[in-house]
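Enquirer: Mind having a look at this structure? Questions to follow.
Numbering (my numbering), first residue to last: 2 to 147.
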């Protein structure tokens with residue numbers, strides 16, 4: 002089955018297909034970006050609460066505080082900061098890796114679409130239409146030369 006398809010319609014169809022695929026590629030990237038962004042903030046929040054605890058201890062003791070009592074708040078502050086960074090750094094790395102892969106895939110799709118239009122344009126009967134034939138997946142059976 003052959004049919005003539007104007008190149009403008011073909012371009013539009015290819016753009017629509019590409020626009021449908023991009024959201025699928027971006028689907029979970031926002032979650033990864035959010036984790037990478039929020040994790041250090043949660044670590045910072047833990048740092049602030051740990052330091053508040055240290056200053057409350059100093060305030061309650063009226064200035065003379067054993068180092069052991071301060072250590073708990075400082076430990077809390079450092080632990081939450083480290084925890085936030087341990088989560089955020091791999092999330093940022095993974096996000097950037099996947100985003101660059103997604104961009105490369107989109108560029109490949111665009112390049113393939115342009116190549117397909119060029120091929121159809123060169124093989125068509127005129128500059129404004131091209132002959133489009135369906136692709137079959139049936140194997141070819143060729144006889145060896147006799």
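Cβ coordinates follow ideal geometry from the N, Cα and C atoms, glycine included.
Using a Cβ-Cβ cutoff of less than 6 Å, which residues in the same chain neighbour residue 114 once the five nearest sequence positions on both sides are dropped?
Expert: Counting from one through the chain shown, the residue named residue 114 turns up at place 113. Taken in chain order, the residues that qualify are 15.
Enquirer: Please determine, among 53, 10 and 23, the residue with the shortest C-alpha to C-alpha distance to residue 105.
Expert: For the purposes of this step, residue 105 is identified with residue 104 of the chain shown, where counting begins at 1. Checked all of 53, 10 and 23; the closest Cα to residue 105 is 23.
Enquirer: Go ahead and pull the three-state DSSP assignment for residue 62.
Expert: For the purposes of this step, residue 62 is taken as residue 61 along the chain shown, with counting starting at 1. Coil, per DSSP.
Enquirer: Here's the rule I'm using: 16 or more other beta-carbon atoms within 10 Å means buried, otherwise exposed. How should residue 7 be labelled?
Expert: To locate residue 7, count along the chain shown from 1; it is residue 6. Exposed is the call here.
Enquirer: Threshold first: 3 residues or longer. Then list the beta strand (DSSP E) segments lying entirely within the stretch 27–91, N to C.
Expert: Runs found: none.
Enquirer: Under a Cβ-count criterion, where at least 16 other Cβ atoms within 10 Å of its own Cβ denotes burial, should residue 55 be classed as buried or exposed?
Expert: Residue mapping note: residue 55 aligns to position 54 of the chain shown, counting from 1. Buried is the call here.
Enquirer: Report yes or no: do three or more beta-carbon pairs, one from the stretch 40–58 and one from the stretch 77–84, lie closer than 8 Å?
Expert: Yes: at least three Cβ pairs fall under 8 Å.
Enquirer: Less than 8 Å between the CB atoms is what I'm expecting for residue 85 and residue 40, so what's the real figure, rounded?
Expert: Locating residue 85 in the chain shown gives position 84, where the first residue counts as 1. Locating residue 40 in the chain shown gives position 39, where the first residue counts as 1. That belief holds up - the Cβ atoms of residue 85 and residue 40 are roughly 5 Å apart, short of 8 Å.
Enquirer: With a cut-off of 8 Å on the beta carbons, I'd call residue 51 and residue 69 a contact; round off their distance for me.
Expert: Translated into the one-based positions of the chain shown, residue 51 becomes position 50. Translated into the one-based positions of the chain shown, residue 69 becomes position 68. At roughly 15 Å, the Cβ-Cβ gap does not stay under 8 Å, so residue 51 and residue 69 are not in contact.
Enquirer: Hey, how far is the Cα of residue 120 from the Cα of residue 12?
Expert: On the chain shown, residue 120 is found 119 positions in, with the first residue counted as 1. On the chain shown, residue 12 is found 11 positions in, with the first residue counted as 1. For residue 120 and residue 12, the distance between alpha carbons rounds to 13 Å.
Enquirer: Do you know how far the Cα of residue 123 is from the Cα of residue 93?
Expert: The sequence position of residue 93 within the chain shown is 92, counting from 1. The sequence position of residue 123 within the chain shown is 122, counting from 1. Cα-Cα distance, rounded: 45 Å.
Enquirer: Can you name, in chain order, every residue of its own chain whose Cβ lies under 8 Å from the Cβ of residue 96, other than the five neighbours on each side?
Expert: For this step, residue 96 is matched to residue 95 along the chain shown. So the qualifying residues of the chain are 30, 33, 34 and 37.
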